[in-house]
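As given, the protein sequences belong to chains C and E, one line each in that order.
If you're matching positions, the first sequence starts at 117 in our numbering and goes up one per residue.
If you're matching positions, the second sequence starts at 334 in our numbering and goes up one per residue.
No residue lacks a Cβ here, since even glycine has one placed at the ideal position from N, Cα and C.
Keep in mind it's a predicted model, so treat the numbers as computed, not measured.
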Amino acid sequence: MQVSNTNSEKIQYDVLLVGGSPSNLALAHRLVDLAKANGKLFNMAILEKSKEFGGHVVSGAVSHPHVIERLFPNYKNDGLPVEGVCTKSNLSLLGNKEKWDIPNFLVPPGMKKEGYLVLTLSKVVYWMANKLKEKIKESTNIKIDFFNGFAAHDILFETNKVVGVRVEESESINPLDQNVYANVTCFGDKGFISRDLIDKFKLRDNPQIWSVGVKEVWKMTEGKDCCGQVWHTLGFPLLDGTFGGGFVYGMKDHLLTVGLVISLDSKNPNINPQQKLQDYKKHPWIQEMIKGGKLMHYGAAVLPEGGFYSLPKKFAVDGAILLGDALGVLDINSLAGIDKSMECGIQAADIIFERLETKNFSEKNLTTYKDRVLKSHVGKSLYKGRYFRFAFQENPRLLSNYIPEVLNGIDEGIPLTGFVNIGVNSPIKSIKDALRMGKLLSGSFDYGPIKYKPDYQHIVPEFQEKNKVKTNGHLKNTIYSREDAVFYAHTKYHEGNEHIDEFNAETCVSCIKKYDALGKDTPCVSDCTAEVHRVDLLEGLRKHAMSLENCVQCRTCEIVCPEVNLRVKPTAQGSGPDFMGL
Amino acid sequence: MSDIGNIFVLVKQVPDQSAKAGINPDGTIDRSKAKRMINPFDRFALQAALETKKKYGGRITVISMGPPAAEEILLESLEHGVDQCKLLSDRRLAASDTLATSYAIWKTVEYLKPFDLIFCGLQTTDGDTAQVGPSLAERLDIPQVTYCEDFRIENKKVIARRVIEGGYQWVSSSLPCLITVANSYHHLEYKNIRGAKLVQELLRNKDKKDELIKTINLDQVNADPILCGLKGSPTIVAKTDKVAEIGGSCFLQQGESVDSMVQEVVSKTNILEFTR
Chain C
117 MQVSNTNSEK IQYDVLLVGG SPSNLALAHR LVDLAKANGK LFNMAILEKS KEFGGHVVSG
177 AVSHPHVIER LFPNYKNDGL PVEGVCTKSN LSLLGNKEKW DIPNFLVPPG MKKEGYLVLT
237 LSKVVYWMAN KLKEKIKEST NIKIDFFNGF AAHDILFETN KVVGVRVEES ESINPLDQNV
297 YANVTCFGDK GFISRDLIDK FKLRDNPQIW SVGVKEVWKM TEGKDCCGQV WHTLGFPLLD
357 GTFGGGFVYG MKDHLLTVGL VISLDSKNPN INPQQKLQDY KKHPWIQEMI KGGKLMHYGA
417 AVLPEGGFYS LPKKFAVDGA ILLGDALGVL DINSLAGIDK SMECGIQAAD IIFERLETKN
477 FSEKNLTTYK DRVLKSHVGK SLYKGRYFRF AFQENPRLLS NYIPEVLNGI DEGIPLTGFV
537 NIGVNSPIKS IKDALRMGKL LSGSFDYGPI KYKPDYQHIV PEFQEKNKVK TNGHLKNTIY
597 SREDAVFYAH TKYHEGNEHI DEFNAETCVS CIKKYDALGK DTPCVSDCTA EVHRVDLLEG
657 LRKHAMSLEN CVQCRTCEIV CPEVNLRVKP TAQGSGPDFM GL
Chain E
334 MSDIGNIFVL VKQVPDQSAK AGINPDGTID RSKAKRMINP FDRFALQAAL ETKKKYGGRI
394 TVISMGPPAA EEILLESLEH GVDQCKLLSD RRLAASDTLA TSYAIWKTVE YLKPFDLIFC
454 GLQTTDGDTA QVGPSLAERL DIPQVTYCED FRIENKKVIA RRVIEGGYQW VSSSLPCLIT
514 VANSYHHLEY KNIRGAKLVQ ELLRNKDKKD ELIKTINLDQ VNADPILCGL KGSPTIVAKT
574 DKVAEIGGSC FLQQGESVDS MVQEVVSKTN ILEFTR
């Protein structure tokens, strides 16, 4: 039974932020700075579905501090949690046994991360929220309500205008006790709720395409330290033509980040990202680092990688603004997302501030937001990298033929042999490929608009892995089963939690039947990062079932479901993983 | 007009069980170091009060006794939708046993009355005596229903279901009455947005906070300090021991799959056969 105060007063704010994300918190800081300077009155609410700000945030994260510097000119003395400053950045190719650091002069400029900050984004978000509380403590003109533990479950529309969100899961109680209204609602979420807005106004002609990132934080044994060292790797263990790569970041206090980003437009229906990460950790180079160490945290999240051509047609509608991952501003060329998201927040704050007095947040009044974002470094980098993912989609040879060839050379100790072999085996094709690839990646070649297929449409059920991962000796206690990994995501759910919808049970039964016949798991079962989906034998039928209490809310299942039969909703009551420290 | 007037709920702040509580050299619990939370049993009492208000009307006052830091749990109660809170806080109350506590709370309730219903948790997780509720009812000279897991109010009477050994019994009681709520009652609902909004406002507005969470002392409620705190407590804690950690042959099995882990466990132990 739902108990509530009976109160007829509407809960109304000037500005409502959906999601305690870096983009929304950047918006809040900027808006507070502006309003403080000239004494403008406003009130604002921030919804965060996790119990604590930062609790559902997981990212790499190596980030250029230019936007942080603009928001917090004094960040170095203000306590911004920094895990290290990158002193040595490497782009490396991994074979089954060896690692080859690409010589610096061959590394694309976007992948040179020297001087960048190594961050734990969950801690940064927590810090930003607390800093905001400090900033407004003595303020008389600004009121901000922090609603951690409250998610937006539905968007409220008045005809075609966004007027707020519903913060209760069910609609059973008095609407006035469960609706939060605002003159402008800012969506800085990962798509859990903003997709409803995008769908309603049909803002996306081209679907968003996604990758999933899985990450572990390790405490290395005393004496081992690689703080400030950053590696981005290609190759092992993604040898089946799937786009993606690994990352290893050295942090202070002997901490080490080990992660893997895997694109979900893979042909392989059974990627199993968490187990792929375990394969990655079996590489002798990583084994050496984590040997004797201790796993501290595990988590997963999806990354919007469609870039320029997946951007929504409009960045704002009547009464609402989209930011960060809701827009999809990650620059895949340089793997930069945090500064891009924060930039959206700054640009949105400027517009909101200008319209604060009139309280008129009509679409017309917000259109310049898109122009400003596109004119900033966000738009520039998105435009430059507009064919990045397409280049790999268009030419599967690169990932499935050339890279494995090069990696063989690396394992033999002579990295160049691989390149030479490619040239010798298929001279014309490979040179043509290389030239076209180079042009597409750098954006210097104008191919015109491109069209993406949704990720799940790339799945080939019969797919066979050609280049099997070979591992040679690893310590058992460095490798974790998926069930065990969940423990390190610290998930906690309330009783009666039901945050994943399965639309049609029969659809799942026939999908399972199809994959059973091929001797494979369904994509939801295999690609889940947290042991949620399973198949149960019930009444003689193999049926889809879920252990929702394990979910880390990455949304991979929804993206890879071949039948578009799943939907991951934001959880209620602050439930979910605890990513603090990831 | 509503059937019910004032509803009182007794709530106590206790050390968080999931965090390791420290024990002072003299055997008492070190409350300053431990993380704190609402006594889990009191959550059922809170829910009973909130449901009563929803069904029959009334005004909920949460009463707590403790150090100023107990304000945390009162703010939490407000997030769940109670109307106001009273915190009996006085240095002279330190080290009260159940006799002294029930005396101090009795004086507080006398000071705050009238009321129709008092809800208490079954017991606390730090003292585990389950005495304060019943002794308060005795001091107030009102009927009490203990171990209550369901109830309704009809014609100014409470009809309540009590858990007893091997079953339950239905009892009825006149109002005002004191009810200790069993932990088989409904779980406390999640906080609501209106309550959360109110608390955000209180964190900004100290005057309003002091109005909704009123701190009172022994003099205000006209309690005799001799009967409170250590002086008023005949109970003597002779000794407190830590429970020895369970040792033995525990090991953590890690592995790549359930099957391989089971294999490993079987090979490490004396299990002769295992079938899945």
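Nearest candidate by alpha-carbon position, reference residue i, set the options
i       : options                               : result
I437(C) : N481(C), G360(C) and F303(C)          : F303(C)
K156(C) : F469(C), T373(C) and M553(C)          : F469(C)
P400(C) : L591(C), L664(C), A621(C) and S497(C) : L591(C)
G399(E) : Y389(E), I393(E) and D423(E)          : D423(E)
I566(C) : V684(C), L292(C), G422(C) and G366(C) : G422(C)
L455(E) : R369(E), T513(E) and N372(E)          : T513(E)
Which of helix, strand or coil DSSP assigns to residue i
i       : result
Y480(E) : strand
I475(E) : coil
V364(C) : strand
L372(C) : strand
F273(C) : strand
F617(C) : Reading off the sequence shown, one finds Asp at residue 617(C), where the question assumed Phe. The answer is strand: DSSP assigns D617(C) an E or B state.
T594(C) : helix
T568(E) : coil
D217(C) : strand
D552(E) : coil
A394(E) : The residue asked about is misnamed: residue 394(E) is Thr in this sequence, not Ala. Residue state, collapsed to three classes: strand.
A493(E) : strand
Beta-carbon proximity of residue i to residue j, cut-off 8 Å
i       : j       : result
D381(C) : H574(C) : yes
G435(C) : V278(C) : yes
G409(C) : K331(C) : no
L446(C) : L419(C) : yes
E510(C) : I538(C) : no
R397(E) : A403(E) : The displayed chain sequence assigns Ser, not Arg, to residue 397(E). Yes; because the gap between Cβ atoms is below 8 Å, this pair is in contact.
R494(E) : C481(E) : yes
Y389(E) : I337(E) : yes
Residue i to residue j span [Cα, whole Å]
i       : j       : result
S120(C) : S691(C) : Residue confidence is low: S120(C) scores 44 on pLDDT, short of 50, so the model does not pin down where it sits. Its coordinate-derived value is still stated next. Going by the C-alpha atoms only, they are around 20 Å apart.
Y485(C) : F603(C) : 42 Å
E597(E) : L411(C) : 21 Å
K228(C) : V344(E) : 57 Å
M117(C) : S288(C) : Per-residue confidence for M117(C) stands at a pLDDT of 38, beneath the threshold of 50, marking its modelled position as unreliable; no derived number is given.
K547(E) : A577(E) : 42 Å
S310(C) : V504(E) : 53 Å
V676(C) : S327(C) : 10 Å
S137(C) : L237(C) : 10 Å
Q324(C) : P570(C) : 7 Å
D540(E) : A428(E) : 30 Å
G564(C) : F266(C) : 43 Å
F377(E) : E522(E) : 10 Å
G391(E) : T385(E) : 8 Å
E647(C) : D349(E) : 30 Å
L147(C) : I467(C) : 10 Å
K601(E) : V346(C) : 40 Å
V554(E) : G562(E) : 15 Å
G375(C) : R683(C) : 26 Å
G656(C) : S663(C) : 20 Å
K397(C) : E404(C) : 10 Å
L432(E) : E498(E) : 27 Å
Chain E contact for residue i (CB, 8 Å cutoff)
i       : result
N593(C) : yes
S166(C) : no
G136(C) : no
D652(C) : no
E599(C) : yes
D293(C) : yes
Min CB distance residue i to chain C below 8 Å
i       : result
A427(E) : no
G338(E) : no
M334(E) : Any answer about M334(E) is weak, because its pLDDT of 45 lies below 50 and its placement is not dependable; what the coordinates show is given next. Answer no: the Cβ-Cβ gap between M334(E) and chain C never drops below 8 Å.
Q596(E) : no
V395(E) : no
K345(E) : no
Any non-hydrogen atom of the ligand ADP within 7 Å of residue i CB
i       : result
H520(E) : Summarising the ligand content, the structure contains no ligands, and the ligand ADP is consequently not present.
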